[in-house]
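Just so we're aligned: the sequence shown equals residues 1 to 335 in the UniProt record's numbering. Note that the Cβ used here is the ideal one computed from N, Cα and C, for glycine as well. Please read these numbers as outputs of a predicted model, since none were measured by experiment.
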Amino acid sequence: MRLRLPLLFAAGLGLAALGLWGRLPDPRAFVAGLTGADYGWVTLAAALQALSLAAFAWQQRQLMRALGVRLTARRAAAVTLARTAISISMPAGAAVSAGYAVREYQRGGASKEISAASMIVSGLASIGGLALLYVAGGVAVLGRNPTLLLSPRPLAVVAVLAVLTTVAVLAGRRLPSVTLGTHRNGRVIRWIRAILASARDAWQAGASLRARDWIAGLLFFALNWLTDLLCLAATCRAVGLPVGITTLAGIYLGVQIVRQVPLTPGGVGVVDTAFVAGLTAAGATAATAAAAVLIYRLLSCWLLLPAGGTAALLLRRNDLSARATPRPRRRVTRP
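Now the structure itself:
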């Protein structure tokens, strides 16, 4: 672990340099935009990004509590930082970070089924929180210009996701608990049956949550997305970009679609270029747009690599210390 984390950090920096090579504006104008930034706004952006991560950690604690597992605030924050760094630095990082979170929650006292259920519910709540921002953005656009007719496709996607989630919850609650036999089967068949049984138990655990637990998770993730958007808005204000919040929200939500396609770890090069292109199309100069995006990506992506690596090492060290500490023996008193 100690060797892999510096290698991941170095690989992330290398990918960033490769993805942005030849796409940045004149270096002198770019540096002038960075040095002339209002660092009061940069500080606010950093605080908003910290609040975004805290909302993620709060959602995990609330969800684990609803599933009957007590997760400490320190462990939830450390796992959130570590899995975010993994998601940024590795190919297919979202899947790898989810597997890491499942393992860490098991070390924290949760069963495999409950840990997997928390990942399923978190994924659906994250999609729902982003959908809320899309709906709010659409309402804001209609409020500014009611004559505009929104395309029905985004609303159709939200409706389909809502229907599928409802069907999955209802089916999970009514799914009978059937013990899958493993005798008289080969090793591969037993492995497949064990995976199916774990998936069924995780599905049932997630479907057993109350409506208020789902709503709380949805609101926490909406806060997670919103504060990340406001972090970008603060970095734009820091370099003096003349972009309104509604236009900026449209750019942000559009880039999120690009971000979901894992072409590069952390969307390096792809996400940065999309943000710069959107800001310049909205009237910003290339230098100030690149400066704003660089500050935002430092706060929301690159600085999280060493922070997440440190959190992962601390988690590992604490777990090893807990295992090495002998449990006190009970004294038996003779009558």
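Measure the C-alpha to C-alpha separation of residue i and residue j and round it to an integer number of angstroms.
i      : j      : result
Gly283 : Trp225 : 24 Å
Arg83  : Gly254 : 24 Å
Cys231 : Ala116 : 30 Å
His183 : Gln106 : Low local confidence applies: a pLDDT of 48 at His183 is under 50, so the model's placement there is unreliable, with the coordinate-based value given in what follows. Looking at the two C-alpha atoms, the distance is approximately 27 Å.
Val139 : Gly250 : 12 Å
Ile88  : Arg212 : 31 Å
Ala73  : Ala287 : 40 Å
Leu229 : Tyr252 : 7 Å
Asn318 : Arg75  : 10 Å
Ala69  : Thr273 : Reading off the sequence, residue 69 comes out as Val, not Ala. Between Val69 and Thr273, the C-alpha separation is close to 42 Å.
Thr280 : Ala98  : 35 Å
Cys301 : Thr285 : 23 Å
Val36  : Thr247 : Correcting the residue type first, residue 36 is Gly in the shown sequence and not Val. About 24 Å.
Val276 : Leu133 : 21 Å
Ser177 : Glu113 : At Ser177, the pLDDT of 47 sits below 50, so the modelled position is not reliable; the number obtained from the coordinates is stated separately. Near 13 Å, if we compare the C-alpha coordinates of Glu113 and Ser177.
Gly278 : Val96  : 30 Å
Leu298 : Leu304 : 8 Å
Pull up the CB-CB distance for residue i and residue j, whole angstroms please, since I reckon it's below 8 Å.
i      : j      : result
Leu53  : Ala234 : So it is not a contact: roughly 15 Å between Cβ atoms.
Val79  : Ala101 : 6 Å
Ala55  : Thr227 : 7 Å
Leu315 : Glu104 : 6 Å
Gln59  : Phe221 : 6 Å
Gln256 : Leu130 : 6 Å
The segment 308 to 317 in contact with the segment 267 to 278 per 3-pair CB rule at 8 Å: no
Meets three-Cβ-pair contact criterion under 8 Å: the segment 231 to 244 and the segment 87 to 103: no
The segment 34 to 52 / the segment 60 to 67 touching (three or more Cβ pairs under 8 Å): no
Segment contact, 8 Å Cβ cut-off, at least three pairs: the segment 211 to 220 with the segment 123 to 136: yes
Complete runs of the alpha helix (DSSP H) confined to the segment 39 to 82 [at least 4 residues]: 39 to 66
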